[in-house]
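These notes concern the structure reproduced below.
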Ligand code: UDP
Ligand code: MG
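Residue numbers (the UniProt record's numbering): 1 to 147.
Pasting the structure below:
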């Protein structure tokens with residue numbers, strides 16, 4: 001199972017790429033894709049298509065296209081659900097303080113990171129961000145991570 005995570009422009013600008021990646025990789029999840037890129041308006045709108053009727057949609061697209069982002073593909077047991085837990089609630093003020101959003105940010109419109117919310121959406125988002133496919137990466141220490 002795989003999921004798509006994106007470090008948003010504020011997470012990049014604030015120097016949080018390494019601590020964010022560390023949370024997922026030290027947990028034991030496998031890196032299957034990693035890219036640093038500027039996102040077009042069209043790409044951002046496709047990524048957030050489900051939210052197009054929301055009042056914050058315009059601001060959200062401006063935010064996501066305001067600077068480069070880091071797109072990440074992660075694989076492992078229950079990774080979609082677990083990555084969401086590690087990321088924390090959408091509103092950082094409601095997020096568990098041990099989560100990424102709970103630790104590093106304050107405002108909902110500057111919440112530094114995205115993670116796919118369902119297995120179905122993860123598949124769509126991985127196809128959008130990594131159309132070339134994921135990188136083969138079999139964990140050498142598989143038996144040290146999974147029983
Ligand atoms: N967002 C916002 N205002 C809101 C709700 C959401 O600016 O009232 C932004 C926020 O950056 C959030 C993104 O829109 O991360 C996508 O919203 P969603 O409900 O999918 O939250 P997420 O899945 O990121 O937790
Ligand atoms: Mg979402």
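Ideal placement from N, C-alpha and C gives every residue a C-beta, glycine not left out.
Top-ranked residue by Cα proximity to residue 10, from 2, 47, 63 = By one-based count along the chain shown, residue 10 stands at place 10. Answer by Cα proximity: 63.
What distance in whole Å lies between the Cβ atoms of residue 5 and residue 115, which are believed to be in contact at a cut-off of 8 Å?
-> Counted from its first residue, the chain shown places residue 115 at position 115. Counted from its first residue, the chain shown places residue 5 at position 5. With 8 Å as the limit, residue 115 and residue 5 qualify as a contact, their Cβ atoms being about 5 Å apart.
Is residue 43 near the ligand UDP, in the sense that its beta carbon is under 8 Å from a heavy atom of that ligand?
-> Position 43 of the chain shown holds residue 43. Residue 43: no, Cβ never under 8 Å from the ligand UDP.
Compute the beta-carbon to beta-carbon distance between residue 12 and residue 37, rounded to the nearest angstrom, for a pair I have assumed lies under 8 Å.
-> The sequence position of residue 12 within the chain shown is 12, counting from 1. The sequence position of residue 37 within the chain shown is 37, counting from 1. In this structure residue 12 is not in contact with residue 37, their Cβ atoms being roughly 11 Å apart against a cut-off of 8 Å.
According to DSSP, is residue 27 helix, strand or coil?
-> Translated into the one-based positions of the chain shown, residue 27 becomes position 27. In this structure, residue 27 counts as helix in the three-state DSSP scheme.
Excluding the five sequence neighbours on either side, which residues of its own chain have a C-beta within less than 7 Å of the C-beta of residue 67, listed in chain order?
-> Along the chain shown, read from residue 1 onward, the residue named residue 67 stands at position 67. Residues 9, 12, 13 of the same chain have their beta carbon placed closer than 7 Å to that of residue 67, with the five preceding and five following residues left out of the count.
Determine the extent of the alpha helix (DSSP H) in which residue 102 is found, giving its start and end residues.
-> For this step, residue 102 is matched to residue 102 along the chain shown. Residues 100-104.
Does the segment 112-132 come close enough to the segment 76-92 to have 3 or more Cβ pairs within less than 8 Å?
-> Yes: the two stretches touch, three or more of their Cβ pairs being nearer than 8 Å.
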